[in-house]
Amino acid sequence: METNDSRYQAYIDILKEELVPAMGCTEPIAIAYAAAKARDILGGLPDRVLILASDNIIKNVKSVVVPNTGNQRGIEASAAAGIIAGDAAKVLEVISEVSDSERDDIRRFLDQTPVSVEKTEGNLTFDLVVTLFSGQSSALVQISHFHTNIVLIKKDDDVIFRNQDCDEIETAALTDRSLLNVKDILDFAESVRLDEVTDLLQRQIDYNMKIARVGLSKDWGANIGSVLLDTWGEDIKTRAKALAAAGSDARMSGCELPVVIVSGSGNQGITASVPVIEYAKELQAATPTLYRALIVSNLVTIHQKTGIGRLSAYCGAVSAGVGAGAGICYLHGGRLKEVAHTIVNALATVSGIICDGAKPSC
Numbered sequence: 000m001e002t003n004d005s006r007y008q009a010y011i012d013i014l015k016e017e018l019v020p021a022m023g024c025t026e027p028i029a030i031a032y033a034a035a036k037a038r039d040i041l042g043g044l045p046d047r048v049l050i051l052a053s054d055n056i057i058k059n060v061k062s063v064v065v066p067n068t069g070n071q072r073g074i075e076a077s078a079a080a081g082i083i084a085g086d087a088a089k090v091l092e093v094i095s096e097v098s099d100s101e102r103d104d105i106r107r108f109l110d111q112t113p114v115s116v117e118k119t120e121g122n123l124t125f126d127l128v129v130t131l132f133s134g135q136s137s138a139l140v141q142i143s144h145f146h147t148n149i150v151l152i153k154k155d156d157d158v159i160f161r162n163q164d165c166d167e168i169e170t171a172a173l174t175d176r177s178l179l180n181v182k183d184i185l186d187f188a189e190s191v192r193l194d195e196v197t198d199l200l201q202r203q204i205d206y207n208m209k210i211a212r213v214g215l216s217k218d219w220g221a222n223i224g225s226v227l228l229d230t231w232g233e234d235i236k237t238r239a240k241a242l243a244a245a246g247s248d249a250r251m252s253g254c255e256l257p258v259v260i261v262s263g264s265g266n267q268g269i270t271a272s273v274p275v276i277e278y279a280k281e282l283q284a285a286t287p288t289l290y291r292a293l294i295v296s297n298l299v300t301i302h303q304k305t306g307i308g309r310l311s312a313y314c315g316a317v318s319a320g321v322g323a324g325a326g327i328c329y330l331h332g333g334r335l336k337e338v339a340h341t342i343v344n345a346l347a348t349v350s351g352i353i354c355d356g357a358k359p360s361c
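Going by numbering that gives the first Met the number 0, the sequence shown opens with residue 0, and the numbers climb by one from there.
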């Protein structure tokens, strides 16, 4: 693919939009982000909070541990963390820096402040409205379609910001994903100038492998990674699965380390990258080859999720696992024919897994 091809820059832009760091499960973090933003608009702490959320957000936040809250779970804890300790400028790392005293303040806030949660009335898969009240004043922040996409900000009855497009067009703020297809993904991965994507990919390697190793070294969630290694040994197939599972276990259990996400999900980001990285180490692949394999994995994952949506009843780790399979195939020398067959075979085997919400069972 030539560098002056419009698809070339689009694919780079897609990677830049997708491979961003987040701390904690991205749905509770989106709530914390909206709550921190609303607190800034309100100008102080509220005496009442109302959260409207779509079904899939409620499902994904209900049981997962919110980082930096002292092991608290759920929508109310997510909002309280954003209100008390959130830095909206950090976006999906909004609660990455919380002091011990702020953790105590989060608990006190939840004990003393009414926080109501209701289902949104619309049909959007991803829709979140956080409203903070203080006396007669209020501040509202709405995020729709994806985790950082603020579409409405209000102070009292005054509209401060409105994104008119995003009421109807899900991808209005993103590069057109319909440009993605497997043939062009392989072409791009082979021809991209690596200096244009090295920083993105190296951050993905550093962040996601760090939380995977921490997941194996400590007691997190269901400890699936450790169980796999203890049961089946340390061959490459087991290590690749164990490290990815360990990273997810740690993240779902409140580990305070960031993850580079894919398709709006940290678990998908871990799944699309960690097995590919571990296979590259086993195969002694050169770093540029690993980078190109990660491009294949990431873009194949995003390509699958484009038609599904960022939140659904379909387990997104399936798409990411298929992406990882494509990346591992690339590491073994497979190209279009082999990668395409890998995708088909993997989807035929594992598609249909249902998402029942973010938690250690991921």
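Even glycine gets a Cβ: it sits at the ideal position worked out from N, Cα and C.
Query, Result
"If distances are taken between C-alpha atoms only, which option among V258, A37, I40, S311 comes closest to C24?", "V258"
"Drop a sphere of 10 angstroms on the beta-carbon of P274, count the other beta-carbons inside from all chains shown, and report buried for 16 or more, exposed for fewer.", "buried"
"Hey, A241 and T270: beta-carbon distance below 8 Å or not?", "no"
"So, helix, strand or coil for F145, using DSSP?", "coil"
"Can you look up P27 in the DSSP assignment and give me helix, strand or coil?", "helix"
"Could you compute how far the alpha carbon of G320 sits from the alpha carbon of S272?", "9 Å"
"Consult DSSP for K217 and reduce its assignment to one of helix, strand or coil.", "coil"
"Evaluate W219 with the Cβ neighbour count: other Cβ atoms within 10 Å of its Cβ, from every protein chain shown; 16 or more gives buried, anything less gives exposed.", "buried"
"Leaving out five residues before and five after T170 in sequence, what residues of the same chain have Cβ atoms less than 8 Å from its Cβ?", "Caution applies to T170, whose pLDDT of 47 falls short of 50 and renders its modelled position unreliable; the model cannot decide the point."
"Quick one: Cα of A35 to Cα of V150, how far?", "15 Å"
"For E120 and L173, what's the separation of their Cα atoms in angstroms?", "25 Å"
"Is V226 buried or exposed, if buried means 16 or more other CB atoms sit within 10 Å of its CB?", "exposed"
"Can you give the Cα-Cα distance for K362 and E189, rounded to whole angstroms?", "Absent from the structure is residue 362, since the part of the chain shown begins at 0 and ends at 361."
"Taking its Cβ as the centre, do 16 or more other Cβ atoms sit within 10 Å of I168, making it buried, or is it exposed?", "Residue placement at I168 cannot be trusted, given a pLDDT of 44 that sits under 50; the coordinates are not used to answer."
"Are the segment 237 to 256 and the segment 201 to 220 in contact at 8 Å, needing three or more beta carbon pairs?", "yes"
"In the DSSP assignment, what are the bridge partners of P257?", "M22"
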